[in-house]
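S.K.: Take this structure first; my questions come after.
There are 2 protein chains.
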Amino acid sequence: MHAVTVRTNRVSDRQEAAVSDETRSKKAMCAEDLRRRILTQALEPGSYLDETEISEAYQISRPPLREILRQLAGEGYVVLHENRGAQVAPMTHKTMRNFFVAAPMIYAAVSRLAAQHATPAQIMRLKDAQLLFRAAIRDGDAATRALMNERFHAIIGEMADNEYLAPSLRRLLIDHTRIGMTFYSPRNRALAEQRAVAADQHDQFIALIEAGDADASADLAIAHWELSRAEIESFVTPAGMQIPLGRAPGAEPERGAS
Amino acid sequence: MHAVTVRTNRVSDRQEAAVSDETRSKKAMCAEDLRRRILTQALEPGSYLDETEISEAYQISRPPLREILRQLAGEGYVVLHENRGAQVAPMTHKTMRNFFVAAPMIYAAVSRLAAQHATPAQIMRLKDAQLLFRAAIRDGDAATRALMNERFHAIIGEMADNEYLAPSLRRLLIDHTRIGMTFYSPRNRALAEQRAVAADQHDQFIALIEAGDADASADLAIAHWELSRAEIESFVTPAGMQIPLGRAPGAEPERGAS
DNA sequence: AAAATACATATTGTCTACAATTAAAATCTG
DNA sequence: CAGATTTTAATTGTAGACAATATGTATTTT
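Quick note, the sequences are listed as chains U and H, same order. Residue 26 is where the first sequence starts when you use the working numbering, and the numbers rise one by one after that. Residue 26 is where the second sequence starts when you use the working numbering, and the numbers rise one by one after that.
Written out as structure tokens, the structure is:
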């Protein structure tokens, strides 16, 4: 209703300095950590979250924690059940099928837009993420690899700069990351080769986005997806579809997180 | 002394029976009403929401209201600003451009899946929504028309039954509905003709979905989109892009004015 | 008088306590 | 002993009070 008023300089000396972990509120750190634990399956799909336990762990009270859980529900990390609390989003065979339908379309569209709209600053962040991704592969760190891969593709999502596609991409990345954690095995030779190819494709993404080649970026997204799809299917199809995924709420109780 | 042992009769059958206002909690009604007011632009894009005012209006306390606002933020209805409260999601020229990019793709994909997966019960609900939609057009009721159109397409989204595409569709429908409200004018002859065509296309959607014709359903989605796009552009392009939309918080000077 | 600062007000963020609902355990009954 | 019912414990949902932050106004200083 009014023009942008000049702010008092009080705020400046508090906000700046370090944007690192220390300045951030406990609430934000709680949300971020819950996301991380869900993505790495430290919190298993289908498990229920205890409000009291979590709020004490992060030293906040339950009302703000419940706000966080509502937000995480909106982002697709958890599902809320009335009077029964928050459940880590389950992964069923139906969600897998839906994932296979939606992923190539959204990934291709987002990668195309990213090549068209990426800023130099974003490209720098993408390169940083790629360095961390390769380091995690080299160290055989499953969780970090999964998280850095997620960050890489999330940055591409930011580059696309489209608020209508972003929520679907985020939802896809959550489950793609969790699936990647499920099937990770550092010793398997075939998988190691696939990871090497994936890392090379990431470098190609950087080059194509930097060159602004939208068509090639979209094509690469499809190729990148096909690689991942083949890896997933090599686990899912042979042994009769018994995937070690979380259970749906209707199934066994499986109460309790940790 | 707590003389409150008044036991409400078993809540087992609270879900079915009447979906009317009485059974639902005040909290759920508050959320639903806020959504409705945002979709109809009774709450204008960019306007800020007062927690105390709203919580008193719906007779709930602020903590549960804040949970609702977090959820609405996750759904894309509002944007939260730290220490500055919730703002009705603004609509800028950039969001319009992004809308034009994402809408045809998502609409086509969802319509295709809907034709593949729709259940008889869902088709019945779709027909009901269509009746209400036509009634609203006949009565010249802008808000109801917009809401029933939103409901129609939201049901198609449910039919698609894909949790990865659903969030993007929801986000699109929010702004599509708001845009439709903005440009509604019951007297304009050309627009009345467009609405008639749109209503007929809805009937075609029902027929194609009932027949399970995925390809035709996807094609119809594109045609339906083109109709809506032409209507929007007839307002946006001629008079020099001055759209009566809400403003962004930062009031950025809108870089790259096409 | 203009700008900056200090103050006052209003709004958001959080905590503790309490109420309500649910799930589980114990009891009672056939 | 099986099954249903009451009782009990645990967990979620809400309210009201308090703290922190931001905004708007008044005052002071140059």
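Yeah, the Cβ is synthetic: ideal placement off N, Cα and C, and Gly gets one too. Predicted model, so just to flag it, every value in this text is computed and none were measured.
Residues of the stretch 187-205 of chain U in Cβ contact with chain H at a cutoff of 9 Å, in chain order, please.
M.R.: Result list: Asn187, Glu188, Tyr189, Leu190, Ala191, Pro192, Ser193, Leu194, Arg195, Arg196, Leu197 and Asp200.
S.K.: How long is the line joining the alpha carbons of Leu68 of chain U and Glu258 of chain H, rounded to whole angstroms?
M.R.: C-alpha separation (whole angstroms): 47 Å.
S.K.: Verify whether the separation of the beta carbon atoms of Ala114 of chain H and Pro145 of chain H is less than 8 Å.
M.R.: Cβ atoms of Ala114 of chain H and Pro145 of chain H: not closer than 8 Å.
S.K.: Count the other C-beta atoms from every protein chain shown that fall within 10 angstroms of the C-beta of Ser50 of chain U, then say buried if there are 16 or more, exposed otherwise.
M.R.: Per the 10 Å Cβ criterion, exposed.
S.K.: How many Å lie between Asp166 of chain U and Met206 of chain U at the Cα?
M.R.: Those two C-alpha atoms are separated by around 10 Å.
S.K.: Under 8 Å: do the stretch 238-254 of chain H and the stretch 130-140 of chain H share three or more Cβ pairs, one atom per stretch?
M.R.: Short answer: they touch.
S.K.: Got a sec: is the Cβ-Cβ distance from Arg170 of chain H to anything in chain U below 8 Å?
M.R.: Taking Cβ atoms only, chain U never reaches closer than 8 Å to Arg170 of chain H, which makes this a no.
S.K.: For Arg212 of chain H, does the count of other Cβ atoms within 10 angstroms reach 16, so buried, or fall short, so exposed?
M.R.: By the 10 Å Cβ count, Arg212 of chain H comes out exposed.
S.K.: So which residues of chain H does Arg91 of chain U contact, with C-beta pairs closer than 7 Å?
M.R.: Residues of chain H passing the Cβ test: Glu92.
S.K.: For the stretch 133-191 of chain U, which segments carrying the beta strand (DSSP E) assignment without a break, of at least 3 residues, lie completely within its bounds, in sequence order?
M.R.: The qualifying runs do not exist here; there are none.
S.K.: Out of curiosity, what's the CA-to-CA distance linking Ile234 of chain H and Tyr132 of chain H?
M.R.: Answer to the nearest angstrom: the Cα atoms are 14 Å apart.
S.K.: How long is the line joining the alpha carbons of Glu188 of chain U and Val261 of chain H, rounded to whole angstroms?
M.R.: Spanning the two alpha carbons is a distance of roughly 20 Å.
S.K.: Can you find a C-beta in chain U that's less than 8 Å from the C-beta of Pro88 of chain H?
M.R.: Cβ-Cβ to chain U under 8 Å: yes for Pro88 of chain H.
S.K.: Hey, does Phe124 of chain U have any beta-carbon neighbour from chain H nearer than 8 Å?
M.R.: So, interface residue.
S.K.: Counting only the same chain and skipping the five closest in sequence on each side, list residues whose C-beta sits under 8 Å from that of Ala98 of chain U.
M.R.: Correct list, in chain order: Val104, Leu105 and Ala111.
S.K.: Measuring CB to CB, does Glu100 of chain H end up less than 8 Å from Glu92 of chain U?
M.R.: No, the pair does not count as a contact, with Cβ atoms beyond the cut-off.
S.K.: Opposite Gln112 of chain H in the DSSP bridges: which residues?
M.R.: Looking at the DSSP assignment, Gln112 of chain H forms a beta bridge with H:Tyr73 and H:Val104.
S.K.: Applying the 10 Å Cβ sphere with the 16-neighbour rule, what's the burial state of Ile175 of chain H?
M.R.: Per the sequence presented here, residue 175 of chain H reads as Glu, with Ile not at that position. Buried, because 16 or more other Cβ atoms sit within 10 Å of the Cβ of Glu175 of chain H.
S.K.: With distances taken from CA atoms, which of H:Arg170, H:Ala241, H:Ser193 and H:Pro88 is nearest Val126 of chain H?
M.R.: Among H:Arg170, H:Ala241, H:Ser193 and H:Pro88, the Cα nearest to that of Val126 of chain H is on H:Ser193.
S.K.: With distances taken from CA atoms, which of H:Asp240, H:Ala232 and H:Gln226 is nearest Glu251 of chain H?
M.R.: Closest by alpha carbon: H:Gln226.
S.K.: Residues of chain H with a CB under 7 Å from the CB of Ala223 of chain U: which are they?
M.R.: By Cβ distance, chain H contributes nothing, its closest Cβ being about 21 Å from Ala223 of chain U, past 7 Å.
S.K.: Can you check whether the CB of Met184 of chain U is closer than 8 Å to the CB of Ala143 of chain U?
M.R.: Cβ atoms of Ala143 of chain U and Met184 of chain U: closer than 8 Å.
S.K.: Does any CB atom of chain U fall closer than 8 Å to the CB of Ile234 of chain H?
M.R.: No, its Cβ sits nowhere closer than 8 Å to a Cβ of chain U.
S.K.: Got a sec? Which residues, its chain only, sit under 8 Å from Arg87 of chain U by beta carbon, not counting five neighbours each side?
M.R.: Closer than 8 Å at the Cβ level, and outside the excluded window around Arg87 of chain U, lie Glu76, Thr77 and Ser80.
S.K.: Name the residue from U:Asp164, U:Ala221, U:Asp228 and U:Leu59 whose alpha carbon lies nearest to the alpha carbon of Ser253 of chain U.
M.R.: Checked all of U:Asp164, U:Ala221, U:Asp228 and U:Leu59; the closest Cα to Ser253 of chain U is U:Ala221.
S.K.: Say whether chain U places a C-beta atom closer than 8 Å to the C-beta of Met130 of chain H.
M.R.: Cβ-Cβ to chain U under 8 Å: yes for Met130 of chain H.
S.K.: Does Gly110 of chain H come within less than 8 Å of chain U when only Cβ atoms are used?
M.R.: Output row for Gly110 of chain H: interface = no.
S.K.: For the candidate residues U:Ala171, U:Gln141, U:Ala191 and U:Leu190, whose alpha-carbon lies nearest to that of Ala224 of chain U?
M.R.: Comparing Cα positions, the closest option is U:Ala171.
S.K.: CB-CB under 6 Å to Phe208 of chain U, same chain, minus the five flanking residues each way: which ones, in chain order?
M.R.: For Phe208 of chain U, where only same-chain residues beyond five positions count, the Cβ hits under 6 Å are Phe260.
S.K.: What is the DSSP secondary structure of Phe208 of chain H, counted as helix, strand or coil?
M.R.: Three-state result, Phe208 of chain H: coil.
S.K.: Could you have a look at Ile85 of chain U and say whether DSSP puts it in helix, strand or coil?
M.R.: Looking at Ile85 of chain U - three-state DSSP - the assignment turns out to be coil, as it is neither helix nor strand.
S.K.: So is the beta-carbon of Ile148 of chain U under 7 Å away from any non-hydrogen atom of the ligand GTP?
M.R.: Summarising the ligand content, the structure contains no ligands, and the ligand GTP is consequently not present.
S.K.: For Gln66 of chain U, return the contacting residues in chain H, with the cut-off set at a CB-CB distance below 8 Å.
M.R.: Residues of chain H passing the Cβ test: none, with the nearest at roughly 18 Å.
S.K.: If you count every other CB in all the chains shown that lies within 10 Å of the CB of Met149 of chain U, and 16 or more means buried, which is it?
M.R.: Met149 of chain U should be labelled exposed.
S.K.: Which value, in whole angstroms, describes the spacing of the CA atoms of Ala154 of chain H and Asp200 of chain H?
M.R.: Distance between the alpha carbons of Ala154 of chain H and Asp200 of chain H is about 20 Å.
S.K.: Determine the burial state of Leu156 of chain H: buried for a count of at least 16 other Cβ atoms within 10 Å of its Cβ, exposed for fewer.
M.R.: Answer is exposed; the Cβ neighbour count stays below 16.
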